Amino acid sequence: MPSADSSNCLSTPFGATDLRLLTELLQAGTPFYVRMQTSPFEARVAYLLNQLVQGERKQRSRYFVFFGSSTSEALSGALKIVRHHRLVVGPQFVNTTTAVFDPSGTLRLTFDPLRQGVDEALVPGLVYFDTIAPFLQFVDRHGPASALLRHAGTLSSKRVDDILRNLRQCGVDSILDESSTDLSEKEPLSATMTTMPDAIIFGENLANHRVPTGCVMMGETVYKIWNNYKNYNLHSNTWGGNSVSLSFVLDFLKTTPGYQKLAPHARKTLQAAAASHTTASRLYARYCNPKMATMLATGGMNKDILSARGTHIRIAAKRGPLNVLDASGTFGLNLRGHNPEDIAADVLARHDQDHDYWLDLEKLLRQKTGLPHLLPAVSGSTAIESAMTMALLAGFPRKKVIALRQGYSGKTLIALAETDRDHFKRPFGPLYPHVVHIDPFADNIQQELLRHVDGQDVALVILETIQGDGGIRVCPKIFFDTLNQGKEKYGYRIAVDEVQTGVYKTGRFLNYQRKIEAPDLVILGKAMSDNLFPVAGTLVSEEIYQQACAHNKEIVNLYGHRYRCQLGAHVALHAIEMGDRLGLAEHAQSMGNYFQTGLKEITRNFDWVKEVRGEGLMIGMEFGGNEIPAILRGSYAGLFAARCANDPVQPVLVAVNPSKPLLIRYLPPLCIVKSEIDAILDTTQRTLKCGWARLLGPIGRNTLKARLWPF
1 MPSADSSNCL
11 STPFGATDLR
21 LLTELLQAGT
31 PFYVRMQTSP
41 FEARVAYLLN
51 QLVQGERKQR
61 SRYFVFFGSS
71 TSEALSGALK
81 IVRHHRLVVG
91 PQFVNTTTAV
101 FDPSGTLRLT
111 FDPLRQGVDE
121 ALVPGLVYFD
131 TIAPFLQFVD
141 RHGPASALLR
151 HAGTLSSKRV
161 DDILRNLRQC
171 GVDSILDESS
181 TDLSEKEPLS
191 ATMTTMPDAI
201 IFGENLANHR
211 VPTGCVMMGE
221 TVYKIWNNYK
231 NYNLHSNTWG
241 GNSVSLSFVL
251 DFLKTTPGYQ
261 KLAPHARKTL
271 QAAAASHTTA
281 SRLYARYCNP
291 KMATMLATGG
301 MNKDILSARG
311 THIRIAAKRG
321 PLNVLDASGT
331 FGLNLRGHNP
341 EDIAADVLAR
351 HDQDHDYWLD
361 LEKLLRQKTG
371 LPHLLPAVSG
381 STAIESAMTM
391 ALLAGFPRKK
401 VIALRQGYSG
411 KTLIALAETD
421 RDHFKRPFGP
431 LYPHVVHIDP
441 FADNIQQELL
451 RHVDGQDVAL
461 VILETIQGDG
471 GIRVCPKIFF
481 DTLNQGKEKY
491 GYRIAVDEVQ
501 TGVYKTGRFL
511 NYQRKIEAPD
521 LVILGKAMSD
531 NLFPVAGTLV
541 SEEIYQQACA
551 HNKEIVNLYG
561 HRYRCQLGAH
571 VALHAIEMGD
581 RLGLAEHAQS
591 MGNYFQTGLK
601 EITRNFDWVK
611 EVRGEGLMIG
621 MEFGGNEIPA
631 ILRGSYAGLF
641 AARCANDPVQ
651 PVLVAVNPSK
661 PLLIRYLPPL
671 CIVKSEIDAI
681 LDTTQRTLKC
691 GWARLLGPIG
701 RNTLKARLWP
711 F
């Protein structure tokens, strides 16, 4: 069986059987990713993995499973949970580092590409060993807070078992990386051991290296710090639980030796969860994210989704199937709606596994942006990691990175350094120490920017031209002008994060065009995926690329090949070509103007609506806190969204951000038409007319129901 190598985690091409499975998912209208339910795919895979890692042992430990789109995202999740656990259990650890055994050397390459050491690395706090003896000596002598075993097949099961037992006796949290285990030939290593680790990592091996996927499994002892309403959402990946990737995971795992040993009751449970949303919800609450399950149930947001097409999500209800209008657009990443009909015939039926679609995609994007190199990624976070690494390599010895206040770059450990969210960052340090944040909306932004870049030590300025999670805030022209004017004089590079703004959404292909004169890097998110397959990328200038290669060609080669999936590139290529053919930029501009005008009209008599703003079909509606009762201010957007999703006339799914409780985001698929916008406006108006009691009432009833009859 083909397996991953050092340069490509997605090395198995799609065959006829794989393409047929994907076609069936499309034709069935399977929702790729909709945060309007406890995902039955996440629930089933989490339950199955719990069975596989336990093997035949009688005393079983439960693991909670968070999914991502890659091994690297799973690694970040594992390191974050043990770091947070260390912080909570107390300051008794003199040494707060993580000892890493990694004979492949890949982690050091990606987390410390400039070889700056434990305190200055892109992910600080890690001490690396490529042989086991010095790793064990370090553990015994220095007592790190945690240890990561990335054994890569170099250690026997008994040896790993002995090491884990010793770590537990020393009070050291343990992470076992199983991403290199060939599951097609053997059980997980953990299934054969007597001592279970605190966290287990799987990666693309979950689907035999066909699709982007990964997960971190967390034992009850460490996970309890996230199993509460304050921290349940501290770590997540936007499309970690997508149905396409996890369908391939389920399909592959059923062929593995571990599955053949499953007890009959386990197989029956999986079958029941596939047939029953209620059963799947119970599994999700037990093996995924219990508090997320409760929050969705309390808000009336755990729907039994039957299918999704275009802007419509069809759900089961007591009075018969209902259509929900999707105004969230998978948090702004849904290009042509759910399950575009032409993909089966134009992409899947014509896919040639021997053709280099990445080269075609790179050429097309070069024509559109002038940037000649495309580094493949599977999420906005992995694309941002590539951008930051390339900029620091090219700019060495410059170390400083300037990011924006209220900016959001993701939750992986490298991207997190640029994210301006103390709540998401504080438990997981140390992070890259040379990031500073500035406010692009400050009155003195010219002086503030020049003050930071004047020292000639800034390697990169990274920004969103419209802050998405930060509140749909359009950065001012004076900030762009100052940034453009200072680039040549001060020598910094500019990276534009287009994860939420890009691919036609704001009335142009990319939002930076006509704002930033010549960016050096452009980060593209999963909007390229046509809401089907995890694919993203980082566009890089020739100068940056060559300078980075001169400094560390090995890491550039790794980023250039690690996530190179030809089917993902084929899907993205088709999506962009169709976007041009359908005139999606012009359509988004026209529909966005219509949408904003309608919102302003229906909200002008509601004093607590502070502002409607945005560009194209990236629209925010902000409420004024003083006009809303104090008891509701911390959750008003969530209450508003729950009421919209359960509207008795036309349910509507809108996007909310828990850290922005006074903001509703409208980010619909770009195929939306005026009649659908009118329906969304009607639902919005009905929700605005609801009294505070009518907003709270369903929450109270759902809370009581969740306690008396959970799922």
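Per our numbering, the very first residue in the sequence shown carries number 1; after that it's consecutive.
By construction, the Cβ of each residue, glycine as well, lies at the ideal position given by its N, Cα and C atoms.
Predicted model, so just to flag it, every value in this text is computed and none were measured.
Local Cβ density within 10 Å of residue i, reported as buried at 16 or more and exposed below that
| i | result |
| --- | --- |
| Y259 | buried |
| V793 | What is shown of the chain runs 1 to 711, which leaves residue 793 out entirely. |
| L720 | Past the boundaries of the shown model lies residue 720; the chain is included only from 1 to 711, so the question cannot be answered. |
| Q500 | buried |
| V612 | buried |
| N228 | exposed |
| P144 | buried |
| F14 | buried |
| P658 | exposed |
| W692 | exposed |
| T419 | buried |
| P321 | exposed |
| S675 | exposed |
| H277 | buried |
| R62 | exposed |
| N444 | exposed |
Assumed close pair residue i, residue j - CB separation to whole angstroms, cut-off 8 Å
| i | j | result |
| --- | --- | --- |
| I576 | M621 | Not quite, the Cβ-Cβ distance comes to about 30 Å (not below 8 Å), so this is no contact. |
| L189 | Y357 | Incorrect: roughly 35 Å between the Cβ atoms, too far for contact. |
| G407 | Q467 | 6 Å |
| A645 | M36 | 7 Å |
| I672 | T311 | 5 Å |
Nonlocal neighbours in the same chain, by C-beta distance under 8 Å from residue i, ignoring five residues either side
| i | result |
| --- | --- |
| K261 | G55, E56, E187 |
Other residues of its chain near residue i: CB distance less than 6 Å, five sequence neighbours each side excluded
| i | result |
| --- | --- |
| F129 | F101, F135 |
| A16 | none |
| G616 | K505, T506, G507, A588, Q589, G592 |
| R83 | F428 |
| C565 | L10 |
| G614 | I472, G620 |
Proximity below 8 Å, CB of residue i to CB of residue j
| i | j | result |
| --- | --- | --- |
| G560 | F533 | no |
| E517 | N484 | yes |
| K400 | D457 | yes |
| I313 | P669 | no |
| Y563 | A377 | yes |
| V649 | A641 | no |
| V123 | T97 | no |
| I438 | R398 | no |
| L21 | D326 | no |
| A293 | S281 | yes |
| L10 | E220 | no |
| S379 | S7 | no |
| A383 | G537 | yes |
| Y33 | N242 | yes |
| N334 | G29 | no |
| V88 | M217 | no |
| S174 | L167 | yes |
| Y636 | L667 | no |
| R150 | L109 | no |
| D647 | E627 | no |
| V474 | D530 | no |
| M394 | Q547 | For the record, residue 394 in the displayed sequence is Ala; it is not Met. Yes, these two residues count as a Cβ contact at 8 Å. |
| A147 | V139 | yes |
7 Å Cβ shell around residue i - same chain, five flanking residues per side excluded
| i | result |
| --- | --- |
| K515 | T465, F480 |
| P372 | R366, E542 |
| L75 | I201 |
| V249 | V45, L206, A207, T213 |
| I494 | V461, L483, K487, I516, P519, D520 |
| G502 | L510, N511, L524, G525, A527 |
| K291 | N227, N228, Y229, Y232 |
| C549 | V556 |
Q: Decide if the stretch 684-693 is in contact with the stretch 283-291; the criterion is three or more beta carbon pairs, one per stretch, under 8 Å apart.
A: no
Q) Are there three or more Cβ pairs, one per stretch, closer than 8 Å when the stretch 552-561 is compared with the stretch 583-593? A) Flag = no, the stretch 552-561 and the stretch 583-593 do not touch.
Q | the stretch 269-279 in contact with the stretch 42-50 per 3-pair CB rule at 8 Å | A | yes
Q) Okay, do the stretch 7-27 and the stretch 152-165 touch, 3+ Cβ pairs below 8 Å being the bar? A) no
Q) Is the stretch 595-609 close to the stretch 410-417, with three or more CB pairs under 8 Å? A) no
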